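Heads up: the structure comes next, in structure tokens.
There are 2 protein chains.
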Amino acid sequence: KPIETVMRESNRDILIPADLVATVNQDNNLQHVFMVLTKVKYAKIPVLDNDNHFKGLVSLPMITELMMQDTGITSRPLEAIKVKQIMQKDVPTIYERDNLEAILRYLVDENFLVFVDSDTHFKGIITRRELFKEINYLAHN
Amino acid sequence: KPIETVMRESNRDILIPADLVATVNQDNNLQHVFMVLTKVKYAKIPVLDNDNHFKGLVSLPMITELMMQDTGITSRPLEAIKVKQIMQKDVPTIYERDNLEAILRYLVDENFLVFVDSDTHFKGIITRRELFKEINYLAHN
Ligand SMILES: Nc1ncnc2c1ncn2[C@@H]1O[C@@H]2COP(=O)(O)O[C@H]3[C@@H](O)[C@H](n4cnc5c(N)ncnc54)O[C@@H]3COP(=O)(O)O[C@H]2[C@H]1O
Ligand SMILES: Nc1ncnc2c1ncn2[C@@H]1O[C@@H]2COP(=O)(O)O[C@H]3[C@@H](O)[C@H](n4cnc5c(N)ncnc54)O[C@@H]3COP(=O)(O)O[C@H]2[C@H]1O
């Protein structure tokens, strides 16, 4: 397993810690989440509860879908709906970051992985970019 | 260079051909592009002209940014603006797909690469997912 052994040798951390990740609270209304996603420009971001537990993921298309009406585009429904009502909930989470082979396999179909502790408190994300940087770095050394 | 030699041995094509890629025409108005991006759910897609030349990339935040006003969210400006006025134009394109090391390096900072011919006609995209599948496949063989 050349890739895994080669990654083991590096001790760079590939986790982006929670305080650097843009998130929203599950009780925020969609007008607020629409503004956050427009400002940060990330395609999808984590949704947390008041105790920093990971609850789901939200993206702009999940919100803009509700704005499409026969008469055109309207933002009226957004103020009354909370993100917890429309967020994606079936999200794989990981508890440890040393099984690089599993991380690589997950990142084939996901843009990033959500890292939590044993109480599902949100700890950060592992992104495809960080894994590519790792593979790139190690391929040259 | 272990990764490159190992990738050379595989002859799977990592290109997603143009006819499978969701695109918009640079003269489409933003109301139309808003609807396409909401339906296909891709974070960013290519913008072409009438002769299938590659012209730029568009994402929902580029559009929703124009909908944010002091009074709230409005879709009124969208019908009168064409996507060519707001699209991202400084996009790296590639002409050949055998230099895997360059592709890997590009995909550290880009979600996908745009593949064109010598006349900048759009031919398809090379995505991070396809490259991960390749690396994953070859790491096990
Ligand atoms: N402000 C910025 N500056 C420089 N490059 C930028 C950037 N925003 C996006 N990119 C580049 O575009 C890729 C795709 O970002 P996207 O927002 O679609 O998808 C992102 C986003 O949904 C999420 N993500 C990454 N960093 C985040 C953060 N700090 N907070 C929240 N979500 C984040 O993870 C996905 C994969 O991110 P990854 O870093 O692998 O890959 C990123 C990165 O290479
Ligand atoms: N309908 C779907 N079915 C299954 N999985 C899906 C999916 N939509 C997205 N994904 C997964 O989410 C990743 C990120 O997609 P995103 O739309 O942010 O970012 C996408 C999108 O901006 C663009 N892209 C990919 N395929 C496209 C297509 N057929 N047409 C237009 N753009 C495409 O390339 C970026 C990277 O795509 P990649 O495949 O590496 O990575 C994809 C893929 O692993």
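Going down the list, the sequences are from chains A and B. So the number in the working numbering is just where the residue sits in the first sequence, counting from 1, plus 26. So the number in the working numbering is just where the residue sits in the second sequence, counting from 1, plus 26. Where a beta carbon is used, it is the ideal one built from N, C-alpha and C, also for glycine. Note that the coordinates shown come from a computational prediction; the quantities given were computed from them, not determined experimentally.
Under the three-state DSSP convention, the category residue i falls into
i, result
"MET94 (chain B)", "strand"
"PRO118 (chain A)", "coil"
"VAL47 (chain B)", "coil"
"HIS166 (chain B)", "coil"
"LYS81 (chain A)", "strand"
"LYS67 (chain B)", "coil"
"ILE151 (chain A)", "strand"
"ILE107 (chain A)", "coil"
"ILE40 (chain A)", "coil"
"LYS27 (chain A)", "Caution applies to LYS27 (chain A), whose pLDDT of 49 falls short of 50 and renders its modelled position unreliable; the model cannot decide the point."
Beta carbon of residue i nearer than 8 Å to that of residue j
i, j, result
"PRO87 (chain B)", "THR64 (chain A)", "yes"
"LEU83 (chain B)", "ILE129 (chain B)", "no"
"PHE138 (chain A)", "ILE120 (chain A)", "no"
"VAL50 (chain A)", "VAL73 (chain A)", "yes"
"MET62 (chain B)", "ASN162 (chain A)", "In the sequence as presented, Met is not what sits at residue 62 (chain B); that position holds Val. For VAL62 (chain B) and ASN162 (chain A), no; Cβs fall outside 8 Å."
"SER101 (chain A)", "THR97 (chain B)", "no"
"MET56 (chain A)", "ILE89 (chain A)", "It is worth fixing the name first, because residue 56 (chain A) is Leu in this sequence and not Met. It is a contact, given that the beta carbons lie within the stated cut-off."
"LYS24 (chain B)", "LYS81 (chain B)", "Residue 24 (chain B) lies beyond the stretch modelled for chain B, which goes from 27 to 167, so this question has no answer here."
"ALA69 (chain B)", "SER85 (chain B)", "yes"
"PHE60 (chain A)", "LEU104 (chain A)", "yes"
"ILE152 (chain B)", "ARG131 (chain B)", "no"
Interface residues of chain B facing residue i [CB-CB closer than 8 Å]
i, result
"ASN162 (chain A)", "LEU130, ARG131, VAL134"
"GLY82 (chain A)", "Within 8 Å Cβ-Cβ: nothing; GLY82 (chain A) doesn't reach chain B, min ~16 Å."
"GLN57 (chain A)", "GLY98, ILE99"
Contacts that residue i makes with chain B (C-beta to C-beta distance below 7 Å)
i, result
"LYS67 (chain A)", "PRO87"
"THR90 (chain A)", "PHE60, THR64, LEU86"
Neighbour list for residue i in chain A, Cβ cutoff strictly below 7 Å
i, result
"LYS159 (chain B)", "VAL134"
"GLN114 (chain B)", "Chain A residues near GLN114 (chain B): none, gap ~11 Å exceeds 7 Å."
"ARG38 (chain B)", "Neighbours of ARG38 (chain B) on chain A: none; closest Cβ ~14 Å, over 7 Å."
Residue i: contacting residues in chain A (beta-carbon distance under 8 Å)
i, result
"TYR95 (chain B)", "Strictly speaking, residue 95 (chain B) in this sequence is Gln, with Tyr absent from that position. Within 8 Å Cβ-Cβ: nothing; GLN95 (chain B) doesn't reach chain A, min ~10 Å."
"LEU104 (chain B)", "ILE99"
"ARG123 (chain B)", "Under the 8 Å cutoff, chain A gives no residues; its nearest Cβ is about 17 Å from ARG123 (chain B)."
beta-carbon residue i near ligand 3 non-hydrogen atom, thresh 7 Å
i, result
"ILE151 (chain B)", "Among the ligands present in this structure, namely ligand 1 and ligand 2, ligand 3 is not found."
Q: For the stretch 139 to 152 of chain B, enumerate the residues whose C-beta is nearer than 9 Å to any C-beta of chain A, in chain order.
A: none
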